[in-house]
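Undergrad: Mind looking over this structure? Questions follow.
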Ligand code: ADP
Ligand code: MG
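Numbering (full-length UniProt numbering), first residue to last: 1 to 238.
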């Protein structure tokens, strides 16, 4: 069953349509990368999945059920942003606990989930720190930890590594792939970086100006780009 399905999804800001009827299936458990140039609509599409932006028309389904009327917290998805979006006045541990305490989860369960996330991301030694005492890579680990503790059906990443230096970016790519293998959750990953798309994805969705140019595995898109845009964008010979 498809974890996330979009049917003829459109989005307008005022009179201007920026997403022009997207049909897409994001298979359960896949690592799907949405890639395309700046301004093509990647963040808007992800934000509509998360419920942070309303769809203008069309449907979004999770495991077959329509979710486009549900508030973000009811969709079972966790989003990770490029800017980390940690609460500056809270410790790392409080950042990790906050969303769970809001759900009135049992204390023992919160403790267990925070410990597990800290272990997976190796941030146990940072729990007492404030966000301003963390490096960029540590901040992004905490932001990912805050998603993991929710045990979401799907993770939505919006260019999570763009603020990190090149070396750390490569390391974190590997860690995210390892996380995907370990958790087996659906992950939707937005990037404008072709290398990230080619090296991380099971399924790549190439977007351009609010439309899908092609969907396929990295090998398929490289070997059989459907048009010149895909060929040029992914660096394959046309
Ligand atoms: P990407 O993430 O691929 O860079 P976005 O989804 O941020 O692209 O933006 C897609 C298009 O929608 C752009 O033309 C952008 O200017 C426009 N857009 C995004 N958010 C808004 C908004 N809140 N109001 C008006 N236009 C917006
Ligand atoms: Mg964006």
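Glycine included, every Cβ here is placed at the ideal spot set by N, Cα and C. Just so we're clear, the structure is a prediction, and the values are computed from it rather than from any experiment.
1) Taking buried to mean at least 16 other C-beta atoms within 10 Å of its own C-beta, is residue 145 buried or exposed?
2) Would you say residue 113 and residue 57 are within 9 Å of each other, going by their C-beta atoms?
3) Between the stretch 81-99 and the stretch 133-145, can you find at least three pairs of beta-carbon atoms closer than 8 Å?
4) Please state whether the Cβ-Cβ distance between residue 19 and residue 52 is less than 9 Å.
5) Give me whichever residues DSSP pairs with residue 155 in a beta bridge.
6) Could you check what DSSP says for residue 83 in three-state terms: helix, strand or coil?
7) Would the stretch 155-165 count as touching the stretch 68-82 if we require 3 or more Cβ pairs under 8 Å?
8) Measuring only the C-alpha atoms, how far is residue 174 from residue 185?
9) Relative to the C-alpha of residue 177, which candidate in 4, 33 and 207 has its C-alpha closest?
10) Less than 9 Å between the C-beta atoms of residue 47 and residue 23, yes or no?
11) Less than 9 Å separating the beta-carbons of residue 172 and residue 31?
12) Can you find the residues in the same chain that come closer than 6 Å, C-beta to C-beta, to residue 162, ignoring five residues on each side of it along the sequence?
13) Nearest to residue 92 by alpha carbon, out of 231, 117 and 129?
14) From which residue to which residue does the alpha helix (DSSP H) around residue 58 run?
15) Terminal residues of the continuous alpha helix (DSSP H) containing residue 27?
TA: According to the data block:
1) Burial is judged here by how many other beta carbons sit within 10 angstroms of a residue's own beta carbon; residue 145 has at least 16 and is buried.
2) no
3) Verdict: yes, contact present.
4) no
5) 78 and 187
6) coil
7) yes
8) 16 Å
9) 33
10) Judged by their CB atoms, residue 47 and residue 23 are not nearer to each other than the 9 Å cut-off.
11) no
12) 82
13) The candidate whose alpha carbon is nearest that of residue 92 is 129.
14) Per DSSP, residue 58 belongs to no alpha helix (DSSP H); it is in the beta strand (DSSP E), 57-62.
15) Unbroken run through residue 27 is the beta strand (DSSP E), 16-27; no alpha helix (DSSP H).
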